[in-house]
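In this note's numbering, the protein residues as written are 7 to 377.
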């Protein structure tokens with residue numbers, strides 16, 4: 007069966023050189039909810055599972071000379087689509103593991119920032135997740151790693167750096183953290199604020215604490231609201247890793263921990279707390295680079311913006327306190343898939359078998375208050 011690996015497809019789409027037509031055959035609602043940017047939806051899933059020949063009519067509208075990559079949820083039904091297309095004379099292949107495979111793609115780029123070291127951003131275009139690796143004087147720290155820890159191992163090898171610590175800005179609700187596993191592999195501390203490390207073995211983080219990585223000081227800034235233990239990291243006074251507290255065009259949601267049953271808190275109080283946390287961040291220099299843990303689109307690294315730019319373009323930051331609280335507490339968007347189980351897993355209240363971890367976090371990222 008002709009097929010293409012998700013990383014190979016990602017590279018071709020990124021280079022925009024002779025990129026294929028990505029054909030998503032899932033139901034339209036599934037496509038609308040989450041898809042590969044630039045892909046085309048032809049909803050023939052039912053036809054392909056019942057009588058594949060019935061899908062041919064819909065496929066006749068595709069360009070005759072197109073190189074087609076078929077996509078479904080897991081790369082199974084799309085194999086049937088590839089068979090049908092090849093019978094029709096198309097140059098077609100299947101995306102291995104479908105959207106599940108796309109979710110595993112990671113891309114890296116260095117962040118342009120004036121540090122005595124290098125800051126690498128790691129993006130997952132299929133999840134909208136951003137993590138970071140700080141390298142300085144042969145030492146490295148990883149922030150908000152995904153469960154695919156081999157991606158970070160490769161960066162450590164590339165820079166010939168020794169890992170000295172792994173940090174999560176908070177207990178995430180949209181993806182499973184690889185922080186504990188990566189730290190255990192290297193016998194280094196895994197850091198998470200005690201308010202989020204409910205039943206997990208983690209080295210606690212305190213507001214105002216400074217951690218040194220090589221020649222770079224990293225300051226911990228407790229910024230609760232999205233979660234009770236959310237923190238941001240001031241990296242060398244030049245960059246802010248803001249987790250899910252502050253995004254470039256939105257701010258973090260305030261109800262996920264409450265609805266997951268792990269926070270005994272009031273949503274309005276969380277919104278008020280988040281407002282105060284944001285004011286602390288906005289007091290920093292306007293030229294500070296803001297590096298959140300998520301981007302609502304399909305991020306191409308490096309995803310960066312100056313704090314002054316964020317302050318001007320982010321509508322949530324222009325709201326007065328009472329309006330901010332009312333908006334965040336009442337205007338609730340759709341939840342991330344399986345957010346309750348993901349959240350409970352990341353705080354240590356649920357243990358998920360390894361074979362289920364990848365499926366648990368499939369779907370779009372929805373950790374921002376507005377998208």
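We put the CB at the ideal spot given by N, CA and C, even for glycine. Remember, it's a predicted structure, so these values are computed and weren't measured experimentally.
Per DSSP, what are the beta-bridge partners of residue i in this structure?
{"i": "residue 249", "result": "298"}
{"i": "residue 240", "result": "225 and 246"}
{"i": "residue 9", "result": "100"}
{"i": "residue 30", "result": "47 and 77"}
{"i": "residue 197", "result": "173 and 209"}
{"i": "residue 219", "result": "222"}
{"i": "residue 56", "result": "DSSP output for residue 56 lists no bridge partner at all."}
{"i": "residue 183", "result": "152"}
Is the beta carbon of residue i less than 9 Å from the beta carbon of residue j?
{"i": "residue 167", "j": "residue 146", "result": "yes"}
{"i": "residue 88", "j": "residue 157", "result": "no"}
{"i": "residue 211", "j": "residue 199", "result": "yes"}
{"i": "residue 125", "j": "residue 241", "result": "yes"}
{"i": "residue 307", "j": "residue 66", "result": "no"}
{"i": "residue 237", "j": "residue 222", "result": "no"}
{"i": "residue 257", "j": "residue 288", "result": "no"}
{"i": "residue 229", "j": "residue 214", "result": "no"}
{"i": "residue 173", "j": "residue 184", "result": "no"}
{"i": "residue 302", "j": "residue 134", "result": "yes"}
{"i": "residue 138", "j": "residue 313", "result": "no"}
{"i": "residue 309", "j": "residue 129", "result": "yes"}
{"i": "residue 81", "j": "residue 103", "result": "yes"}
{"i": "residue 339", "j": "residue 255", "result": "no"}
{"i": "residue 364", "j": "residue 153", "result": "yes"}
{"i": "residue 162", "j": "residue 189", "result": "no"}
{"i": "residue 325", "j": "residue 278", "result": "no"}
{"i": "residue 85", "j": "residue 7", "result": "yes"}
{"i": "residue 219", "j": "residue 140", "result": "yes"}
For residue i, which of helix, strand or coil comes out of DSSP?
{"i": "residue 14", "result": "helix"}
{"i": "residue 259", "result": "coil"}
{"i": "residue 172", "result": "strand"}
{"i": "residue 364", "result": "helix"}
{"i": "residue 233", "result": "coil"}
{"i": "residue 382", "result": "This structure does not reach residue 382, given that the chain is present from 7 up to 377, and the question cannot be answered."}
{"i": "residue 279", "result": "helix"}
{"i": "residue 358", "result": "coil"}
{"i": "residue 192", "result": "helix"}
{"i": "residue 68", "result": "coil"}
{"i": "residue 290", "result": "coil"}
{"i": "residue 22", "result": "coil"}
{"i": "residue 202", "result": "coil"}
{"i": "residue 165", "result": "coil"}
{"i": "residue 269", "result": "coil"}
{"i": "residue 82", "result": "coil"}
Quick one: what's got a C-beta closer than 7 Å to residue i's C-beta in the same chain, skipping five residues either side?
{"i": "residue 202", "result": "176, 177, 233, 234, 235 and 353"}
{"i": "residue 171", "result": "147, 194, 195, 197 and 217"}
{"i": "residue 204", "result": "268, 353, 354 and 355"}
{"i": "residue 83", "result": "31, 51, 54 and 55"}
{"i": "residue 111", "result": "12, 13, 16, 130, 131 and 132"}
{"i": "residue 209", "result": "195, 196 and 197"}
{"i": "residue 62", "result": "90 and 94"}
{"i": "residue 274", "result": "331 and 335"}
{"i": "residue 317", "result": "288 and 323"}
{"i": "residue 60", "result": "53"}
Keeping to the same chain, check which residues put their C-beta closer than 8 Å to that of residue i; ignore five residues upstream and five downstream.
{"i": "residue 244", "result": "119, 120, 121, 294 and 295"}
{"i": "residue 75", "result": "10, 15, 26, 27, 28, 29, 98, 99, 100 and 101"}
{"i": "residue 358", "result": "182, 347, 351 and 366"}
{"i": "residue 19", "result": "25, 28, 42, 43 and 44"}
{"i": "residue 164", "result": "none"}
{"i": "residue 109", "result": "130, 132, 133, 364, 367 and 368"}
Among residues of its own chain, excluding the 5 on either side of residue i, which ones have a beta-carbon nearer than 6 Å to its beta-carbon?
{"i": "residue 97", "result": "73"}
{"i": "residue 276", "result": "231 and 260"}
{"i": "residue 266", "result": "346 and 349"}
{"i": "residue 369", "result": "40 and 343"}
{"i": "residue 224", "result": "217, 239 and 241"}
{"i": "residue 263", "result": "233 and 269"}
{"i": "residue 79", "result": "104 and 105"}
4 or more residues per run - each alpha helix (DSSP H) lying fully within the segment 96-152:
Entirely contained in the segment 96-152, the alpha helix (DSSP H) runs reaching 4 residues are, in chain order, 104-109.
Which runs of the alpha helix (DSSP H) at least 4 residues long sit entirely within the segment 303-356? Give them in chain order.
Complete alpha helix (DSSP H) runs here, min 4: 313-319, 327-336 and 345-353.
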